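Okay, so the sequence shown: first residue is 135 according to the working numbering, each after it adds one. Ideal placement from N, C-alpha and C gives every residue a C-beta, glycine not left out. From a predicted model like this one, the values you see are computed outputs, not experimental measurements.
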Amino acid sequence: MKNLFLFLKERGRAEYHSATDDEALEAFKRVSRLEGIIPALETSHALAYLEKLCPSLPDKTKVVLSCSGRGDKDVHTAIKYLQV
135 MKNLFLFLKE RGRAEYHSAT DDEALEAFKR VSRLEGIIPA LETSHALAYL
185 EKLCPSLPDK TKVVLSCSGR GDKDVHTAIK YLQV
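Set out below in structure tokens:
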């Protein structure tokens, strides 16, 4: 069987987008500061893209974002790039 992600994309059941590392680090900082949650860097990329996506969505659209991983494992990487 094909890769699951390709399978879903070819059937119009999934779309894939990206965010830059800088955008992800900004999302990492923002969520950590505002929500007290340290997101994993993978989740930070998704949060960064979500910030770009939401203004284009119709009113009352519901979005579900799954937070995966453990951000505490990424703190040292984030500190290095954020120069904190």
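Annotated three-state conformation of Gly146 is coil, per DSSP. For Ala182 against Glu144, the beta-carbon gap comes to about 26 Å, at or over 8 Å, which does not count as contact.
Leu184 has its alpha-carbon roughly 18 Å from the corresponding atom of Arg147. Between Gly205 and Ala180 a beta carbon distance of about 13 Å is seen, past the 8 Å cut, so the two are scored as non-contacting. Membership of Lys196 in any alpha helix (DSSP H) is not indicated, and neither H nor E is assigned to it by DSSP.
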